[in-house]
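There are 2 protein chains.
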Amino acid sequence: MSPPLRPTRPEPGSAPPGARKGGTRHDHIVEDIRSLIVDGRWPPGSQLPVETELAERYGVSRMTMNKALGQLARDGFLVRRKKSGTQVAQPRAESAVVAIVDIRDEVRRSGRAYRFHLLARRARPGREEDALLLGAAPGVGEVVWLQGLHLADDRPFCLETRLINPAIAEGAKAQDFTDLTPGGWLLGAVPWSVASHRVRAVNATAAEAKLLELAVGEACLEIVRRTQAAGEWVTGVRLLYPGSEHQLVANFGPEAGGGPGRG
Amino acid sequence: MSPPLRPTRPEPGSAPPGARKGGTRHDHIVEDIRSLIVDGRWPPGSQLPVETELAERYGVSRMTMNKALGQLARDGFLVRRKKSGTQVAQPRAESAVVAIVDIRDEVRRSGRAYRFHLLARRARPGREEDALLLGAAPGVGEVVWLQGLHLADDRPFCLETRLINPAIAEGAKAQDFTDLTPGGWLLGAVPWSVASHRVRAVNATAAEAKLLELAVGEACLEIVRRTQAAGEWVTGVRLLYPGSEHQLVANFGPEAGGGPGRG
DNA sequence: TAGTGGTCTAGACCACTCC
DNA sequence: GAGTGGTCTAGACCACTAG
Numbered sequence: 001m002s003p004p005l006r007p008t009r010p011e012p013g014s015a016p017p018g019a020r021k022g023g024t025r026h027d028h029i030v031e032d033i034r035s036l037i038v039d040g041r042w043p044p045g046s047q048l049p050v051e052t053e054l055a056e057r058y059g060v061s062r063m064t065m066n067k068a069l070g071q072l073a074r075d076g077f078l079v080r081r082k083k084s085g086t087q088v089a090q091p092r093a094e095s096a097v098v099a100i101v102d103i104r105d106e107v108r109r110s111g112r113a114y115r116f117h118l119l120a121r122r123a124r125p126g127r128e129e130d131a132l133l134l135g136a137a138p139g140v141g142e143v144v145w146l147q148g149l150h151l152a153d154d155r156p157f158c159l160e161t162r163l164i165n166p167a168i169a170e171g172a173k174a175q176d177f178t179d180l181t182p183g184g185w186l187l188g189a190v191p192w193s194v195a196s197h198r199v200r201a202v203n204a205t206a207a208e209a210k211l212l213e214l215a216v217g218e219a220c221l222e223i224v225r226r227t228q229a230a231g232e233w234v235t236g237v238r239l240l241y242p243g244s245e246h247q248l249v250a251n252f253g254p255e256a257g258g259g260p261g262r263g
Numbered sequence: 001m002s003p004p005l006r007p008t009r010p011e012p013g014s015a016p017p018g019a020r021k022g023g024t025r026h027d028h029i030v031e032d033i034r035s036l037i038v039d040g041r042w043p044p045g046s047q048l049p050v051e052t053e054l055a056e057r058y059g060v061s062r063m064t065m066n067k068a069l070g071q072l073a074r075d076g077f078l079v080r081r082k083k084s085g086t087q088v089a090q091p092r093a094e095s096a097v098v099a100i101v102d103i104r105d106e107v108r109r110s111g112r113a114y115r116f117h118l119l120a121r122r123a124r125p126g127r128e129e130d131a132l133l134l135g136a137a138p139g140v141g142e143v144v145w146l147q148g149l150h151l152a153d154d155r156p157f158c159l160e161t162r163l164i165n166p167a168i169a170e171g172a173k174a175q176d177f178t179d180l181t182p183g184g185w186l187l188g189a190v191p192w193s194v195a196s197h198r199v200r201a202v203n204a205t206a207a208e209a210k211l212l213e214l215a216v217g218e219a220c221l222e223i224v225r226r227t228q229a230a231g232e233w234v235t236g237v238r239l240l241y242p243g244s245e246h247q248l249v250a251n252f253g254p255e256a257g258g259g260p261g262r263g
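As they're listed, the protein sequences go chains A and B.
Per full-length UniProt numbering, the very first residue in the first sequence carries number 1; after that it's consecutive.
Per full-length UniProt numbering, the very first residue in the second sequence carries number 1; after that it's consecutive.
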């Protein structure tokens, strides 16, 4: 049942109106159409019937059909244009998104015991060089600088270097971070925030290698996160993972911004 | 106008029914509520009015309000539970997503000239070691192996090593890949596919360093992508970027799967 | 200019869950 | 048991755009 290269009006899969099991109607429609596309029965460029006709075939209202098609379009499976209608999208497998997850969660999910060990902490005036971590000058006033090690089964897992704005995050100077990581503590200490992330590969310096128990120069994954709340910088953090230890993974994503797994 | 720690019923921002400029109604509502949350006027844990009341205040139907609140919940700003209602979520700034983008697009967006240079190509039987790239044994039969360099302004930008399943991707043996990259060619050659991605940091080997014009051992970002279509492996590719050259970036994301930037 | 998707509405029923 | 969000409908108008 392979359609021609650019067929008009492919048939939907079996879609008996009331014979579905769980979930919502538009979810079932999304699943049905997605499988038609991924299985190759609806090749890229195929023209779909108009909303009203699909709604009739699936036995739903046009709004429900619209919701399903809209989601498939957001997920990158369909391209919708007024007047010309809906087509199966050209795949864009070259792009994807990978998730940066919470360190504690990650360690625990791997079945190992998590611990954070604070190495040093200082309250000091902001410096020029702090801009490397914050992306902008820290401004006048004091900053809290700290460094600590995330451990998995008491082996080094990630080296954290962090600056905190004590004007926003009260109590950073007093917190001892034995039970709570700086990141976890900040989540509860500041109301809401936006963050930017950067991922690079770097060679471990001598000092970093010693702390992470690596050879000098070994490749590490570096994640720098800068967090702002209400227009003010809140924290800047650099996470350094041994390259052999850590990896970011993404399972599928037709386009950046959310794959069919629906986030 | 800072609400107490756990206020009940915060007031929505100014929301004159017809005084908006562009975009849809639910988009405006989403924007309005998001700014209330990000600005800290609605702190985490705040209880929102029920849908019907919010709909009335914004002058829209309940379905429109539901769409807006649903989107905010998907984006991680709100938590919705039946009976207990809608609350401002606790921020989870520790997680985010970063985008892997098409190499050609990336080079061009940086204002440099893009070129692909095919270094070698062989058609040969599948081997045990191919499983490293494919994640599974290639099975019986021939595979197409190739290696090439992505260039930005004729400087090495990324080293690509790839296996292609010729049974699925017909013509891989004939294609010369001078104008078209293997990835770009495959996008048009196979109907639809799913891919998994893995990002690591590795030290450049002597051979890799020479090709990328790096010092031996320099840290590189490695992206491995495995692509399947209709249950069969299509291609496995390893992309090696000099760590100094490349970085993945993400601007914000309260939760994995799509930030407020909406993909 | 006609066809298509995009959005909105008013009302309805249902499922879940806290009390 | 009652309150809340989740979903669906039938109909309507609008905006965009290909022909």
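Cβ atoms here follow ideal geometry from the backbone N, Cα and C, with glycine treated the same way.
Keep in mind that this is a model prediction, so the values were computed, not measured.
Less than 7 Å between the C-beta atoms of residue i and residue j, yes or no?
i: Pro182 of chain B; j: Leu214 of chain B; result: no
i: Val97 of chain A; j: Trp42 of chain A; result: no
i: Val30 of chain A; j: Gln71 of chain A; result: yes
i: Glu218 of chain A; j: Ala204 of chain A; result: yes
i: Ala172 of chain A; j: Val143 of chain A; result: no
i: Val38 of chain A; j: Trp192 of chain B; result: yes
i: Leu248 of chain A; j: Val249 of chain B; result: no
i: Ala73 of chain B; j: Met65 of chain B; result: no
i: His246 of chain B; j: Leu212 of chain B; result: no
i: Val60 of chain A; j: Arg115 of chain A; result: no
In the DSSP assignment, the beta strand (DSSP E) including residue i goes from what residue to what residue?
i: Arg115 of chain A; result: Tyr114 to Pro125
i: Pro182 of chain B; result: Taken as a continuous stretch (DSSP letters only), Pro182 of chain B belongs to no beta strand (DSSP E), being part of the alpha helix (DSSP H) at Pro182 to Ala189.
i: Val144 of chain A; result: Glu142 to Ala152
i: Pro100 of chain B; result: Correcting the residue type first, residue 100 of chain B is Ile in the shown sequence and not Pro. Residues Ala96 to Ile100.
i: Gly236 of chain A; result: Glu232 to Pro242
i: Val194 of chain B; result: Val194 to Asn203
i: Leu36 of chain A; result: No beta strand (DSSP E) holds Leu36 of chain A; the alpha helix (DSSP H) holding it covers Arg25 to Val38.
i: Gln228 of chain B; result: Ala219 to Ala229
i: Ile164 of chain B; result: Arg155 to Ile164
i: Val88 of chain A; result: Gly85 to Val88
i: Arg92 of chain A; result: Counting along the chain, Arg92 of chain A falls outside any beta strand (DSSP E), and DSSP gives it neither H nor E.
i: Val79 of chain A; result: Leu78 to Arg81
Quick check on this structure: which residue in the options has the alpha carbon closest to the alpha carbon of residue i?
i: Arg226 of chain B; options: B:Leu132, B:His150 and B:Leu146; result: B:Leu132
i: Asp153 of chain A; options: A:Arg25, A:Ala68 and A:Arg104; result: A:Arg104
i: Leu119 of chain A; options: A:Ile100, A:Gln247 and A:Thr178; result: A:Thr178
i: Pro156 of chain A; options: A:Lys83, A:Leu240, A:Ile37 and A:Val38; result: A:Leu240
i: Lys82 of chain B; options: B:Ser110, B:Glu208 and B:Leu48; result: B:Leu48
i: Leu149 of chain B; options: B:Phe77, B:Leu54 and B:Lys210; result: B:Lys210
i: Ile100 of chain A; options: A:Val224, A:Ala230 and A:Trp233; result: A:Val224
i: Ala229 of chain B; options: B:Val194, B:Ser244 and B:Val216; result: B:Val194
i: Arg92 of chain B; options: A:Glu208, A:Val190, A:Val216 and A:Ser61; result: A:Val190
i: Leu187 of chain A; options: B:Ser84, B:Gly45 and B:Leu163; result: B:Gly45
i: Leu69 of chain B; options: B:His28, B:Val107, B:Gly141 and B:Arg162; result: B:His28
i: Leu36 of chain A; options: A:Thr52, A:Lys67, A:Gly135 and A:Phe77; result: A:Phe77
i: Arg124 of chain A; options: A:Gly40, A:Ala167 and A:Arg108; result: A:Ala167
i: Asp176 of chain A; options: A:Gly141, A:His117 and A:Val216; result: A:His117
i: Asp32 of chain A; options: A:Glu53, A:Tyr58 and A:Thr52; result: A:Tyr58
i: Val107 of chain B; options: B:Cys158, B:Thr52, B:Ser84 and B:Ala137; result: B:Cys158
How many whole angstroms separate the CB atoms of residue i and residue j, which I take to be in contact at a CB cut-off of 8 Å?
i: Glu160 of chain A; j: Val50 of chain A; result: At roughly 54 Å, the Cβ-Cβ gap does not stay under 8 Å, so Glu160 of chain A and Val50 of chain A are not in contact.
i: Thr235 of chain A; j: Ala169 of chain A; result: 7 Å
i: Leu151 of chain B; j: Arg121 of chain B; result: The pair is not a contact, with the Cβ atoms about 17 Å apart (cut-off 8 Å).
i: Glu208 of chain B; j: Asn165 of chain B; result: Not a contact, Cβ separation roughly 25 Å.
i: Leu163 of chain A; j: Asp130 of chain A; result: 6 Å
i: Gly126 of chain A; j: Gly139 of chain A; result: 6 Å
Determine the extent of the alpha helix (DSSP H) in which residue i is found, giving its start and end residues.
i: Leu214 of chain A; result: First-last for Leu214 of chain A: undefined, no H or E at that position.
i: Ile168 of chain A; result: Unbroken run through Ile168 of chain A: none, as it is neither H nor E.
i: Val107 of chain B; result: Ile103 to Arg109
i: Leu69 of chain B; result: Arg62 to Arg74
i: Ala55 of chain A; result: Glu51 to Tyr58
i: Ala131 of chain B; result: Ala131 to Leu134
Positions along the segment 29-56 of chain B whose CB lies within less than 8 Å of some CB in chain A: Ile37, Val38, Asp39, Gly40, Pro43 and Pro44
Could you run through the segment 99-117 of chain A and flag, in chain order, every residue whose CB is less than 9 Å away from some CB of chain B? Ala99, Ile100, Val101, Asp102, Ile103, Arg104 and Asp105
Could you please tell me which residues of the segment 202-221 of chain A, in chain order, have their CB closer than 7 Å to any CB of chain B? Val202, Asn203, Gly217, Glu218, Ala219, Cys220 and Leu221
Check each residue of the segment 158-181 of chain A: if its Cβ is closer than 8 Å to any Cβ of chain B, include it; give the result in chain order. none
Would you list, in chain order, the members of the segment 185-197 of chain B that have their beta-carbon closer than 7 Å to a beta-carbon of chain A? Leu187, Pro191, Trp192, Ser193, Val194, Ala195, Ser196 and His197
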